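Below: one structure, written as structure tokens.
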Amino acid sequence: MDKPFYLKQFALHQGNTAQRVGTDALLLGAWPFVHTLPEKAHILDVGAGTGIVSLMMAQRFSDAVVEAWEVEDGALKDATTNFAASPFADRLRIHSQDYLHAKREQWHPFDLIISNPPYYTEGILPD
Numbered sequence: 005m006d007k008p009f010y011l012k013q014f015a016l017h018q019g020n021t022a023q024r025v026g027t028d029a030l031l032l033g034a035w036p037f038v039h040t041l042p043e044k045a046h047i048l049d050v051g052a053g054t055g056i057v058s059l060m061m062a063q064r065f066s067d068a069v070v071e072a073w074e075v076e077d078g079a080l081k082d083a084t085t086n087f088a089a090s091p092f093a094d095r096l097r098i099h100s101q102d103y104l105h106a107k108r109e110q111w112h113p114f115d116l117i118i119s120n121p122p123y124y125t126e127g128i129l130p131d
């Protein structure tokens, strides 16, 4: 059974992917590297995983729209569930998209691009 990971204003389900919430995602989402963004900012989260950083950005910037790109099916399913259940659902978009193969029209201007890609120890790289 998938037990949610609870944060301040939302719960995160992560039962469909091996890429679980880690300290790095929490720090990236909470780190004050950006203090302000333009009104109605457009944020892109590349390799969104379960959507934790996207959700934290939507929580932090109350009028921002966050687009999340993810390619792994399980993580995409979890992010979709997490976004729909969040209080920010109307400002979150999830896409099955690999940034290396994104078409030019998908790269419209973003005010902030963030990424917390998975890392692998040599010898356990995915096939």
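Following my numbering, the numbering of the sequence shown begins with 5 at its first residue and continues without gaps. Each residue gets a CB set at the ideal place from its N, CA and C atoms; glycine is no exception. A quick note: this is a predicted structure, and the numbers were derived from the prediction, not measured.
Segment limits, beta strand (DSSP E) that includes Gly41
Correcting the residue type first, residue 41 is Leu in the shown sequence and not Gly. Element bounds for Leu41: n/a, residue is neither H nor E.
Quick check: the Cα distance between Val50 and Leu104, rounded to an integer number of angstroms?
10 Å
Extent of the continuous alpha helix (DSSP H) run through Ser58:
Ile56 to Arg64
Measuring alpha carbon to alpha carbon, tell me which residue in Asp67, Trp73 and Phe65 is nearest Pro121.
Trp73
List the endpoints of the continuous alpha helix (DSSP H) containing Leu80.
Asp77 to Ala89
Backbone CA spacing between Ala79 and Lys107 [nearest angstrom]:
22 Å
Sub-8 Å separation of Ser66 and Phe14 beta-carbons:
no
Using the Cα positions of Asp77 and Leu48, report the straight-line distance between them to the nearest angstrom.
19 Å
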